Amino acid sequence: VLLGAHGCRILVDVVLNNKDSKLETLYLHHNELQDAGTSELVRAITPRMDLLAGRILAPNRLKSVSLVKNDIGDEGATVIAHAVAEHPLLTYLDLSRNLIG
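In my numbering, each number is its position in the sequence shown, counted from 1, plus 371.
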């Protein structure tokens, strides 16, 4: 069973946005996330801020993300690049065997 964009949205909502999550490594190889699923995943990678209080609502502990062979294109790669720039804990990102470039 492939996760796809819809499954990725559910994963983000249920698992990754849990403020008590201790998840540090995420491997989603061969799931056909495509650019749409990548956009959903970025919601989890990017820390959510409470702009009024100036604090992080859902701190993110992800250190390693591997998205090998998910049919991610240039658009998805750009979205990921912007998210990674806002995520100082992420030390490993694998986008190999996608449709980038």
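In this text, a Cβ means the ideal position worked out from N, Cα and C, and glycines have one as well.
Here the structure is a predicted model, which is why all the values come from computation and not from measurement.
Measuring alpha carbon to alpha carbon, tell me which of V413, H458, L460, V383 ends up nearest E446.
V413
When you compare each of G472, A456, Y398 to V436 by their alpha carbons, which one comes out closest?
Y398
Assuming L404 contacts L374 (C-beta within less than 8 angstroms), just tell me the rounded distance between them.
7 angstroms
Going by alpha carbons, who is nearest to I381 out of T462, L466, E411, A448?
E411
Compare the beta carbon distance of K440 and H401 with 7 angstroms and say whether it is the shorter of the two.
The Cβ atoms of K440 and H401 lie closer than 7 angstroms to each other.
Through-space distance from S392 to S467, alpha-carbon basis:
27 angstroms
Here's the rule: buried if 16 or more other CB atoms are within 10 angstroms of the residue's CB, otherwise exposed. What is A456?
Counting Cβ neighbours within 10 Å, A456 comes out exposed, since fewer than 16 surround it.
Would you call G472 buried or exposed, if buried means 16 or more other Cβ atoms sit within 10 Å of its Cβ?
exposed
Near A454, which residues of its chain fall below 8 angstroms by C-beta distance, leaving aside the five closest residues on each side in sequence?
Only residues of its own chain outside the window of five on either side were considered, and among them V413, I416, T417 have a CB closer than 8 angstroms to the CB of A454, listed in chain order.
Report the rounded CA-to-CA distance for T409 versus G444, giving the unit in angstroms.
10 angstroms
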